[in-house]
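Chemist:
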Amino acid sequence: MNVRHFGFLEPEHRDRLFHRPPAELRLDSAPELLATALGGTLYCPGNRPSLAKDVLKQAARGCVSMVLCLEDSIADDEVPAAEANVAAALRELHDDRDREGHAPLPLLFVRVRTPEQLVALADRLGDALDLLSGFVVPKFENHGGRAERFFAALESVQRTHGRTGADGGQRLRIMAILESPVMIHLETREQTLASILDVTRAHRDDVLALRIGATDLSSAFGLRRSKDFTVYDVKVVSAVIADIVNVLGRPGDDLVISGPVWEHFAKAERILKPQLRTTPFVTARERRLRERLVLKGLDGLIREITLDRANGLLGKTVIHPSHVSVVHALSVVTHEEYLDASAIVDGDAGGAHASPYGNKMNEHGPHRAWARKTLLRAEAFGVAAEETTVVDLLEASMR
């Protein structure tokens with residue numbers, strides 16, 4: 046299973062857009078590359094009747110990571126049927142994976158409720174477990190050993206099914222969702238985040254990425270943001286995100302923390318101004334693209350993605366296919382960023398120097414961690430050609 050961002054583009058189109066194209070991704074690629082490359086991770090309820098077809102459809106549209114959900118999107122009394130549906134869909138995809146004409150499958154995960162469900166589902170999948178990159182764990186924290194039980198379940202599955210990653214094989218990993226009330230509430234947040242860091246460090250090889258559950262963060266305060274606001278405008282929620290990055294986002298641990306979900310996907314009445322400037326959209330075709338983005342409320346998503354990046358988050362949980370292409374377009378490294386990052390990493394002499402574009406100062410010590418992350422993102426999403434704009438990438442992505 047080999048997939049790459051913007052793999053749906055014709056080679057000539059990709060060559061025009063990119064100075065350096067995205068790398069090919071495999072289940073056994075370096076975990077830091079896979080975590081960086083998740084992009085817009087699309088959640089799909091596990092009870093959808095055409096689940097296998099949905100996965101193939103989204104793969105053809107450029108989706109690179111996908112979660113089949115057995116938790117919040119499924120009513121309690123529907124869980125057994127949803128488990129059977131997910132298992133059947135994965136077996137179907139496994140049997141048809143070499144069929145000519147199919148787009149490469151995305152990195153696939155299953156969001157489970159309990160450690161016991163994780164083990165039972167893995168046993169049920171048989172050979173189809175080979176399609177999975179891992180499992181998504183909700184309400185991740187370690188009070189009472191909750192996280193440890195999930196890691197123990199994962200270890201059992203790895204050993205039983207030969208997915209430990211030994212001899213260059215494909216290791217199953219966990220993506221943990223940070224959304225537990227004990228992490229959200231101020232009086233227990235510090236201790237909970239510290240315990241999450243401890244358990245994550247103890248099982249670092251088993252953790253692919255951390256995801257922020259903004260819906261639960263907001264619901265803890267009885268809030269829900271409209272599409273006129275980003276999550277960073279909701280101060281009690283943005284305070285939690287800041288603490289998550291402060292404790293879990295430090296360069297030494299190299300944990301990828303993804304941006305929270307953007308919930309809006311349909312046209313609705315607007316109160317505030319659109320959040321996209323008109324000046325980048327020059328031609329008539331580009332102006333129509335801007336109108337399309339604004340009508341779908343994607344201008345708010347674009348703003349939140351830029352704020353995610355500024356606050357140390359990478360990638361995003363998404364619940365609508367139209368969001369995936371926006372996340373990916375804004376994840377491509379610009380030509381300027383790439384030259385800056387390369388100059389900083391290659392600068393053995395250290396010190397401070399004018400940037401290659403001559404518009405900023407690059408300090409080799411303070412900017413080195415940023416540069417290394419940027420070069421990893423460049424490998425995952427590619428580097429835009431010097432003349433390529435974000436409008437060009439959005440246009441190419443939103444086919």
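Add 45 to a position in the sequence shown, counting from 1, and you land on the number used in our numbering.
Every residue, glycine too, gets a C-beta built ideally from N, C-alpha and C.
Would the region 313-330 count as touching the region 369-387 if we require 3 or more Cβ pairs under 8 angstroms?
Modeler: Short answer: they don't touch.
Chemist: Measure the alpha-carbon distance for Val227 versus Arg61 and round it to whole angstroms.
Modeler: Taking the straight line from one Cα to the other gives about 49 angstroms.
Chemist: Looking only at C-alpha atoms, which of Tyr277, Cys114, Leu101, Glu232 sits nearest to His139?
Modeler: Answer by Cα proximity: Leu101.
Chemist: With respect to the alpha helix (DSSP H) encompassing Ser387, which residues constitute its N-terminal and C-terminal limits?
Modeler: 380-391 is the extent of the alpha helix (DSSP H) around Ser387.
Chemist: If you pair each beta-carbon of the region 347-362 with each one of the region 102-109, do three or more pairs fall below 8 angstroms?
Modeler: Counting Cβ pairs under 8 angstroms, fewer than three are found: no touch.
Chemist: Is DSSP giving Pro149 helix, strand or coil here?
Modeler: Residue state, collapsed to three classes: coil.
Chemist: On the CB-based measure, 16 or more other CB atoms within 10 Å of its CB, does Gly214 come out buried or exposed?
Modeler: Answer is exposed; the Cβ neighbour count stays below 16.
Chemist: With DSSP as the reference, identify every bridge partner of Ser303, one or two as the case may be.
Modeler: Its beta-bridge partners are Arg256.
Chemist: Going by DSSP, what residue range makes up the alpha helix (DSSP H) through His368?
Modeler: 366-374 is the extent of the alpha helix (DSSP H) around His368.
Chemist: Output needed for Ser240: all residues of its chain with C-beta closer than 6 angstroms, excluding positions within five of it in sequence on either side, in chain order.
Modeler: Within the same chain, Ser240 has close Cβ partners Asn187.
Chemist: For the region 414-430 and the region 63-78, state whether three or more C-beta atom pairs, one from each stretch, are separated by less than 8 angstroms.
Modeler: With a cut-off of 8 angstroms, the region 63-78 and the region 414-430 count as touching, because enough Cβ pairs lie within range.
Chemist: Enumerate in chain order the residues of its own chain whose CB-to-CB distance from Tyr383 is below 6 angstroms, with the five nearest sequence positions on each side excluded.
Modeler: Closer than 6 angstroms at the Cβ level, and outside the excluded window around Tyr383, lie Ala423, Val428.
Chemist: Nearest to Arg413 by CA position, among Tyr402, Ala397, Pro401, Gly403, is which residue?
Modeler: Checking every option, the nearest Cα to that of Arg413 belongs to Ala397.
Chemist: Using the Cα positions of His206 and Ala97, report the straight-line distance between them to the nearest angstrom.
Modeler: Going from the Cα of His206 to the Cα of Ala97 covers about 23 angstroms.
Chemist: Enumerate in chain order the residues of its own chain whose CB-to-CB distance from Val281 is below 6 angstroms, with the five nearest sequence positions on each side excluded.
Modeler: Here the set comprises Phe266.
Chemist: Figure out for me which residue from Val155, Ala75, Gly85 has the closest Cα to the Cα of Ser370.
Modeler: Here the closest residue by C-alpha is Gly85.
Chemist: State buried or exposed for Ala120, treating a residue as buried only when at least 16 other CB atoms are found within 10 Å of its CB.
Modeler: Classification for Ala120: exposed.
Chemist: For a minimum of 3 consecutive residues, which ranges assigned as the beta strand (DSSP E) are wholly contained in the region 271-341?
Modeler: If we require 3 residues or more, the beta strand (DSSP E) runs fully inside the region 271-341 come out as 302-307.
Chemist: For the alpha helix (DSSP H) that contains Gly345, what are its first and last residues?
Modeler: Segment 343-355, the alpha helix (DSSP H) holding Gly345.
Chemist: Does DSSP put Gly179 in a helix, in a strand, or in coil?
Modeler: Three-state DSSP puts Gly179 in a strand.
Chemist: Counting only the same chain and skipping the five closest in sequence on each side, list residues whose C-beta sits under 8 angstroms from that of Ala132.
Modeler: These residues qualify, in order along the chain: Leu166, Arg169, Leu170, Ala173.
Chemist: Taking the alpha-carbon positions, what's the Ala134 to Ser201 distance?
Modeler: If you take the alpha carbons of Ala134 and Ser201, they lie about 23 angstroms apart.
Chemist: Between which two residues does the alpha helix (DSSP H) holding His58 run?
Modeler: Run containing His58: 56-62, per the alpha helix (DSSP H) assignment.
Chemist: Locate the alpha helix (DSSP H) running through Val436, then write down its first and last residues.
Modeler: Its alpha helix (DSSP H) spans residues 435-442.
Chemist: Out of Pro366, Asp299, Leu262, Asp261, point me to the one whose CA is closest to Ala311's CA.
Modeler: Nearest option by C-alpha distance: Pro366.
Chemist: Flag this pair as touching only if the region 111-129 and the region 154-165 have three or more C-beta atom pairs under 8 angstroms; answer yes or no.
Modeler: Verdict: yes, contact present.
Chemist: Taking Cβ to Cβ, would you say Val378 is nearer than 7 angstroms to Thr433?
Modeler: Not closer than 7 angstroms, so no.
Chemist: Roughly how many whole angstroms lie between the Cα atoms of Ile364 and Leu338?
Modeler: Their backbone Cα atoms lie some 17 angstroms apart in a straight line.
Chemist: Please confirm whether Thr362 and Val306 have their CB atoms less than 7 angstroms apart.
Modeler: The answer is yes: Cβ separation under 7 angstroms.
Chemist: Using the DSSP secondary-structure output, state which residues sit across from Thr86 in a beta bridge.
Modeler: Answer by DSSP bridge pairing, in chain order: Ser110, Thr362.
Chemist: Suppose you measure from the CA of Leu242 to the CA of Thr324; what does that come to, to the nearest Å?
Modeler: So the two alpha carbons sit approximately 44 angstroms from each other.
Chemist: Between the C-alpha atoms of Val279 and Asp288, what's the straight-line distance to the nearest angstrom?
Modeler: So the two alpha carbons sit approximately 14 angstroms from each other.
Chemist: Can you check whether the CB of Ala198 is closer than 7 angstroms to the CB of Pro149?
Modeler: In this structure, Ala198 does not lie closer than 7 angstroms to Pro149 by Cβ.
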